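With the sequence shown counted from 1, adding 1267 to any position gets you our numbering.
Where a beta carbon is used, it is the ideal one built from N, C-alpha and C, also for glycine.
Remember, it's a predicted structure, so these values are computed and weren't measured experimentally.
Have a look at the structure below, then the notes.
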Amino acid sequence: MYRIAVIPGDGTGPEQVREGLKVLKAVAQKQGFELETVTFDYGGEYYLRTGEVLPAGAVDELRRFDAIYLGAIGHPEVRPGILEQGILLRLRFELDQYINLRPVRLYPGVETPLAGKGPEDVDFVVVRENTEGLYAGSGGFLKRGTPDEVAIQTSINTRKGVERCIRFAFEYCRRRNQRKKVTLCGKTNVLTYAFDLWERVFHEVGAEYPDIERDYAHVDAICMWMVKNPEWFDVIVTDNMFGDIITDLGAIIQGGMGIAAGGNLNPEGVSMFEPIGGSAPKYTGQNVINPLAAICAAGMLLEHLGETAAAAQVESAVQKVCAKHIKSLAAGRMGYSTSEVGDLVVSYL
Ligand code: IPM
Ligand code: MN
1268 MYRIAVIPGD GTGPEQVREG LKVLKAVAQK QGFELETVTF DYGGEYYLRT GEVLPAGAVD
1328 ELRRFDAIYL GAIGHPEVRP GILEQGILLR LRFELDQYIN LRPVRLYPGV ETPLAGKGPE
1388 DVDFVVVREN TEGLYAGSGG FLKRGTPDEV AIQTSINTRK GVERCIRFAF EYCRRRNQRK
1448 KVTLCGKTNV LTYAFDLWER VFHEVGAEYP DIERDYAHVD AICMWMVKNP EWFDVIVTDN
1508 MFGDIITDLG AIIQGGMGIA AGGNLNPEGV SMFEPIGGSA PKYTGQNVIN PLAAICAAGM
1568 LLEHLGETAA AAQVESAVQK VCAKHIKSLA AGRMGYSTSE VGDLVVSYL
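Below you can see the structure in the form of structure tokens.
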């Protein structure tokens, strides 16, 4: 029996999560384990109603679950940044979810904007540091609002934070057991302090993994290679900001936000799984949004719980639905409604 905290969130988040839970419950029944879910209605509506983003004690309550399943955060009537910082980033930081794991995998039947590339070419994972870097919130203003204004935002890179992220990448690469290559994505030619640390730790830790090839690419170059030669990559490890940017590129080459999922991992604590896309408020309640990203996030959640057979079942069901049914991953153009896509995935479990 696993206890899962569910935060459906805003806009189409609840519709996506509904289908993810449908699949989770179906696969649990087949595999013989149970899921108890507790729903938390945090998000834009909650904030507008109560004036607070998360109530006191919420983080500690969430800490006690086996995993967190998140829909999407973002409300048209709430100023951008409030919910993202108050929910998503706060949970990542306070729950010390120091890895953001983002698989970039093109499924058969899914269209990619990359000419001449297919599923055998696009299959890698980005390990993004998730608690430090430019996201740490270090900085401030001087003389704000005056012509002499100075704004400073500092990238924080700790030895501990960098090392645990890089170690995770090598461990994950070994477990993945594919091309056996970890690529460090940085900017050593300009960010000569931060990425000097990253590079030193990369080679130090990497030396403990003689079975794994080490590779390096600057972040700007990796954007080119991800488009031109995605087949080069197996595991990419990078800092928080670069990871944010290159995983949107990753999402589009795997077919878009309709399929891209991620996990915010604390391997020693509670982890949180989410579709990477936003809340797509204009489609709310229409049953047209694509739930596959949320279903893939549910698959990652199962993998993380150690239910590898169930995770593999979800993954293969999603692959079949993509290969045999879905016309387009875009909302309203799938050829099926949101709930029908969930039913299709269940039918292939
Ligand atoms: C993501 C998102 C978030 C981030 C935003 C919403 C704060 O873009 O999960 O990639 O920048 O990390
Ligand atoms: Mn992002």
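Here the residues close to the ligand IPM, judged by CB distance below 5 Å to any of its heavy atoms, are E1351 and D1511 in chain order. Under the three-state reduction of DSSP output, R1372 falls in the strand class.
In the DSSP assignment, R1285 is bridged to no other residue. Residue burial is scored here from C-beta neighbours: M1601 has at least 16 other C-beta atoms within 10 angstroms and is therefore classed as buried.
For D1482, there is no enclosing alpha helix (DSSP H); the enclosing beta strand (DSSP E) has its first and last residue at E1480 to H1485.
Collapsing the DSSP output to three states places V1581 in a helix.
A direct Cα-Cα distance of roughly 7 Å separates C1490 from L1516. Going by beta carbons, V1290 and G1609 fall inside the 8 Å limit.
One Cα belongs to S1606, the other to F1500, and the distance between them is close to 34 Å.
CA-to-CA, the gap between Y1365 and Y1439 works out to about 14 Å.
Taking C-alpha positions only, C1589 is separated from D1390 by approximately 16 Å.
Q1420 is bridged by DSSP to G1406. For I1543 and A1528, the gap between their C-alpha atoms comes out near 5 Å. Taking every protein chain shown into account, the CB of D1327 has fewer than 16 other CB atoms within 10 angstroms, so this residue is exposed.
The stretch 1406-1421 makes no contact with the stretch 1333-1352: fewer than 3 CB pairs, one atom from each, lie closer than 8 Å.
Scanning the stretch 1271-1331 for uninterrupted beta strand (DSSP E) segments of 3 residues or longer gives 1302-1306, listed from N- to C-terminal end.
Distance from the Cα of G1407 is smallest, within the candidate group T1421, G1400, R1395 and E1399, for T1421. For the set G1552, S1595 and L1358, the Cα lying nearest the Cα of Y1402 is the one of L1358. For V1393, the three-state secondary structure derived from DSSP is strand. For the stretch 1427-1491, the full-length alpha helix (DSSP H) segments reaching 4 residues or more read 1461-1473 along the chain.
By the neighbour-count criterion, in which a residue is buried when 16 or more other Cβ atoms sit within 10 angstroms of its Cβ, Y1460 is exposed. Distance from the CA atom of K1591 to the CA atom of T1551, rounded to whole angstroms, is 27 Å.
Distance from V1449 to V1504 at the Cβ level is roughly 6 Å; contact confirmed, criterion being Cβ atoms closer than 8 Å.
Relative to the ligand MN, D1506 has its C-beta separated by 7 Å or more from all heavy atoms.
R1467 and T1304 have their C-alpha atoms spaced approximately 43 Å apart. A straight line joining the alpha-carbon of A1576 with that of I1593 spans about 24 Å. For a cut-off of 8 Å, the C-beta gap from R1426 to L1464 is around 7 Å, short enough to register as a contact.
Placement of the Cβ of D1482 at a distance of 7 Å or more from every heavy atom of the ligand MN is found.
Between the ligand MN and D1415, a heavy atom-to-CB distance of less than 7 Å is absent.
Comparing C-alpha distances from K1447 to each of R1431, Q1296, E1498 and T1398 shows the shortest one belongs to E1498.
In this structure, the beta-carbon distance from G1310 to G1276 falls below 8 Å.
For the pair N1456 and H1485, the CB atoms are nearer than the 8 Å cut-off. DSSP places N1507 in the helix class (H, G or I) of the three-state scheme. Residues of the same chain with a CB within less than 6 Å of the CB of A1418, apart from the 5 flanking positions on each side, are F1408 in chain order. When C-alpha distances from W1492 are compared across V1377, L1381 and S1583, the shortest belongs to L1381. In the DSSP annotation of this structure, F1360 is not part of any beta strand (DSSP E); the continuous alpha helix (DSSP H) holding it starts and ends at R1357 to E1361.
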